[in-house]
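Asks: In the working numbering, the protein residues as written are 81 to 560.
Glycine included, C-beta positions come from ideal geometry on N, C-alpha and C.
Note that the structure is predicted; figures quoted are calculated from it, not measured.
Below you will find the structure I want to go over with you.
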């Protein structure tokens, strides 16, 4: 639950009542109305993806924090449901947390199996954040607070964002939770989600320039090292550039302590991805991540805030370093069908067929593009869209870049106009997956991601530079 940016956004949002349907994403989650921030309680149950989210039920600004609720079977089309955990009658706000399915009634709260939400209760009158649980016996539609709350209380004002999963080896529930201003993550275990025992603390480590929030902890196989598994611990913090960031550590967990031998890195190289957590309830080794896209000062209405594209996580070893890689969720990719545009072959250059100048590749602002370039010695190449926004590769700096300086720059400071993501030199070809969804831009290259907001002034898509070899574009306005 981030606080640093909230005051800045309230001032720009409070008077913004002009509808902005042109910026409403098509295939990224947004609430029907009002403010949203962190994803909470992500849980897959009986083939249904539950997305709870920090939401203000009353206004398009941060406040009255409650848990909104939506469900999906394909991670694109969402059924919006009533508020699942409203703000408490005692003004206790429901801050961020997670949800698990207690299939064997370890909690003693279930009629059979039930959903248990574990979250931070903010008690402003006490200046205290404590960990609470609530349970649902109707499939996650309504929750009842556990009468023995809080289940963990350190009498601290900044102690939040529990993330819980079942650990088969320990045969216990395992929690990570942030000791925010200490730049630490504390590990707890429990038999019943009601009584918790502290195991150890990790940190300070990596980047400690701002508060640590919203941790998650997952066990993943290393795809190019058969039989090898590693643990990934991630934590959100306002990064070195002053933008929302999530750093991650890769290491080992012995049942009590998490240790790492390599430096931390950042999950997303853009300026908006924050508070991400994965879905619980997926098969072992499969984890899909969802993050909040922190709004820019430019107002939207009647909603504010959005979620990223769900991303499948994997680990890859390169020169002794374990890299966390991301790709748009396979479940979504399976729905794409035939592309609206398919130019070139995997072995031949587009040449004259390449869309340049007055020959647009596509017209629209909700699309999914996979572009392969064989640039030879071209210094810069990529795609341009939305009235001048460029996504490309710069050979001199060996970076993928997003340049918004020729598009709509309303409310943006000069240092926010160009962002870059180091990927190193390219040998032969480069493939980029670029997702534009009205006002959301996500760029995937070699398992790395750069996410930001854009506000297009045009609706055509072209290439620039040389070497476009194959272009496939899907019109997401028509996704079934």
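In chain order, which beta strand (DSSP E) runs of at least 3 residues are fully inside the segment 125-193?
Replies: Complete beta strand (DSSP E) runs here, min 3: 128-135, 146-152, 159-165, 173-182.
Asks: So, does the segment 101-119 touch the segment 339-348, judging by three or more C-beta pairs under 8 angstroms?
Replies: Judged by Cβ distances under 8 angstroms, the segment 101-119 makes no contact with the segment 339-348, as fewer than three pairs qualify.
Asks: So what's residue 389 in DSSP terms, helix, strand or just coil?
Replies: Position 309 of the chain shown, counted from the start, is the residue given in the question as residue 389. In this structure, residue 389 counts as coil in the three-state DSSP scheme.
Asks: Can you name the residues that DSSP bridges to residue 512?
Replies: Taking the first residue of the chain shown as position 1, residue 512 is located at position 432. Residue 512 pairs with 451.
Asks: Check whether the Cβ atoms of residue 292 and residue 251 lie closer than 7 angstroms to each other.
Replies: Within the chain shown, the letter at position 212 stands for residue 292. Within the chain shown, the letter at position 171 stands for residue 251. Going by C-beta atoms, residue 292 is not nearer than 7 angstroms to residue 251.
Asks: According to DSSP, which residues form a beta bridge with residue 398?
Replies: Along the chain shown, read from residue 1 onward, the residue named residue 398 stands at position 318. Paired residues: 401.
Asks: With distances taken between CB atoms, is the gap from residue 200 to residue 241 smaller than 7 angstroms?
Replies: Position 120 of the chain shown, counting from 1, holds the residue named residue 200. Position 161 of the chain shown, counting from 1, holds the residue named residue 241. Cβ atoms of residue 200 and residue 241: closer than 7 angstroms.
Asks: According to the Cβ coordinates, are residue 530 and residue 365 closer than 7 angstroms?
Replies: For this step, residue 530 is matched to residue 450 along the chain shown. For this step, residue 365 is matched to residue 285 along the chain shown. Contact flag unset, no.
Asks: So who's on the other strand from residue 471, going by DSSP bridges?
Replies: Here residue 471 corresponds to residue number 391 of the chain shown, with the count starting at 1. Its beta-bridge partners are 463, 482.
Asks: Going by Cα to Cα distance, which pick from 360, 518, 286 is closest to residue 298?
Replies: What you label residue 298 is simply residue 218 of the chain shown in a count that begins at 1. Of the listed residues, the one whose Cα sits closest to residue 298 is 360.
Asks: For residue 347, does the count of other Cβ atoms within 10 angstroms reach 16, so buried, or fall short, so exposed?
Replies: On the chain shown, residue 347 is found 267 positions in, with the first residue counted as 1. Under this definition residue 347 is a buried residue.
Asks: Considering just the uninterrupted stretch of the beta strand (DSSP E) at residue 313, what are its terminal residues?
Replies: By one-based count along the chain shown, residue 313 stands at place 233. Counting along the chain, the beta strand (DSSP E) containing residue 313 begins and ends at 309-318.
Asks: In whole angstroms, what is the alpha-carbon distance linking residue 421 and residue 444?
Replies: Position 341 of the chain shown, counted from the first residue, corresponds to residue 421. Position 364 of the chain shown, counted from the first residue, corresponds to residue 444. The alpha-carbon atoms of residue 421 and residue 444 are separated by roughly 12 angstroms.
Asks: Count the other C-beta atoms from every protein chain shown that fall within 10 angstroms of the C-beta of residue 102, then say buried if there are 16 or more, exposed otherwise.
Replies: Locating residue 102 in the chain shown gives position 22, where the first residue counts as 1. With fewer than 16 other Cβ atoms within 10 Å, it is exposed.
Asks: For residue 528, verify whether its CB is less than 6 angstroms away from any heavy atom of the ligand FMN.
Replies: By its list of ligands, the structure shown contains no ligand whatsoever, and the ligand FMN lies outside what it can speak to.
Asks: Measuring straight from C-alpha to C-alpha, what distance separates residue 462 and residue 525?
Replies: Position 382 of the chain shown holds residue 462. Position 445 of the chain shown holds residue 525. Taking the straight line from one Cα to the other gives about 12 angstroms.
Asks: Quick one: what's residue 114 bridged to in DSSP?
Replies: One-based indexing of the chain shown puts residue 114 at position 34. Looking at the DSSP assignment, residue 114 forms a beta bridge with 383.
Asks: Classify residue 497 as helix, strand or coil using the three-state DSSP reduction.
Replies: As a working mapping, residue 497 is identified with position 417 in the chain shown. It is coil, neither helix nor strand.
Asks: Return yes when the Cβ of residue 475 is within less than 7 angstroms of the Cβ of residue 459, no when it is not.
Replies: Your numbering for residue 459 matches position 379 in the chain shown. Your numbering for residue 475 matches position 395 in the chain shown. Taking 7 angstroms as the Cβ cut-off, residue 459 and residue 475 qualify as a contacting pair.
Asks: Report the rounded CA-to-CA distance for residue 446 versus residue 247, giving the unit in angstroms.
Replies: The residue given as residue 446 occupies position 366 in the chain shown. The residue given as residue 247 occupies position 167 in the chain shown. Taking the straight line from one Cα to the other gives about 40 angstroms.
Asks: In the segment 270-314, which residue ranges form an unbroken beta strand (DSSP E) of at least 3 residues, counting only runs that do not cross its ends?
Replies: Runs found: 277-282, 293-301.
Asks: Following the continuous beta strand (DSSP E) through residue 326, name the residue where it begins and the one where it ends.
Replies: Position 246 of the chain shown, counted from the first residue, corresponds to residue 326. Counting along the chain, the beta strand (DSSP E) containing residue 326 begins and ends at 324-333.
Asks: Tell me whether residue 262 sits in a helix, a strand or coil according to DSSP, three-state version.
Replies: Stepping through the chain shown from its first residue, residue 262 is reached at position 182. Three-state result, residue 262: helix.
Asks: Out of curiosity, what's the CA-to-CA distance linking residue 132 and residue 206?
Replies: As a first step, residue 132 is located in the chain shown; it is residue number 52 there, counting from the start. As a first step, residue 206 is located in the chain shown; it is residue number 126 there, counting from the start. If I take the Cα positions, the gap works out to 26 angstroms.
Asks: At what residues does the beta strand (DSSP E) containing residue 410 begin and finish?
Replies: Counting from 1 along the chain shown, the entry for residue 410 is found at position 330. Taken as a continuous stretch (DSSP letters only), residue 410 belongs to no beta strand (DSSP E), being part of the alpha helix (DSSP H) at 410-413.
Asks: Closest to residue 213 by CA distance: which of 320, 261, 270 is it?
Replies: Working through the chain shown from its first residue, we reach residue 213 at position 133. Measuring from the Cα of residue 213, the nearest candidate turns out to be 270.
Asks: Please report the distance separating the alpha-carbon of residue 323 from that of residue 376.
Replies: For the purposes of this step, residue 323 is taken as the residue at position 243 of the chain shown. For the purposes of this step, residue 376 is taken as the residue at position 296 of the chain shown. Rounded to whole angstroms, residue 323 to residue 376 spans 11 angstroms at the Cα level.
Asks: Pick out whichever of 162, 183, 392, 290 has its Cα sitting closest to the Cα of residue 138.
Replies: In the chain shown, counting from the first residue as 1, residue 138 sits at position 58. The shortest C-alpha separation from residue 138 is found at 162.
Asks: Under 7 angstroms, do residue 541 and residue 465 count as touching if we go by C-beta distance?
Replies: As a position in the chain shown, residue 541 is number 461, starting the count at 1. As a position in the chain shown, residue 465 is number 385, starting the count at 1. Against a cut-off of 7 angstroms, the Cβ pair of residue 465 and residue 541 comes out as a contact.
Asks: Which term fits residue 418, buried or exposed, when burial requires 16 or more other beta carbons within 10 angstroms of its beta carbon?
Replies: Taking the first residue of the chain shown as 1, we reach residue 418 at position 338. Exposed is the call here.
Asks: Can you tell me whether residue 221 is helix, strand or coil according to DSSP?
Replies: Reading the chain shown from its first residue, position 141 is the one you call residue 221. DSSP places residue 221 in coil when its eight states are reduced to three.
Asks: With a 10 Å radius around its C-beta and 16 neighbouring C-beta atoms as the bar for buried, classify residue 184 as buried or exposed.
Replies: In the chain shown, the residue the question calls residue 184 occupies position 104. Exposed is the call here.
Asks: Alpha carbons only, please: which of 335, 392, 160 is nearest the one belonging to residue 281?
Replies: Taking the first residue of the chain shown as position 1, residue 281 is located at position 201. Checked all of 335, 392, 160; the closest Cα to residue 281 is 335.
Asks: Helix, strand or coil: which one does DSSP assign to residue 557?
Replies: The residue given as residue 557 occupies position 477 in the chain shown. Helix at residue 557.
Asks: Identify whether residue 101 lies in helix, strand or coil by the three-state DSSP scheme.
Replies: Indexing the chain shown from 1 puts residue 101 at position 21. Helix.
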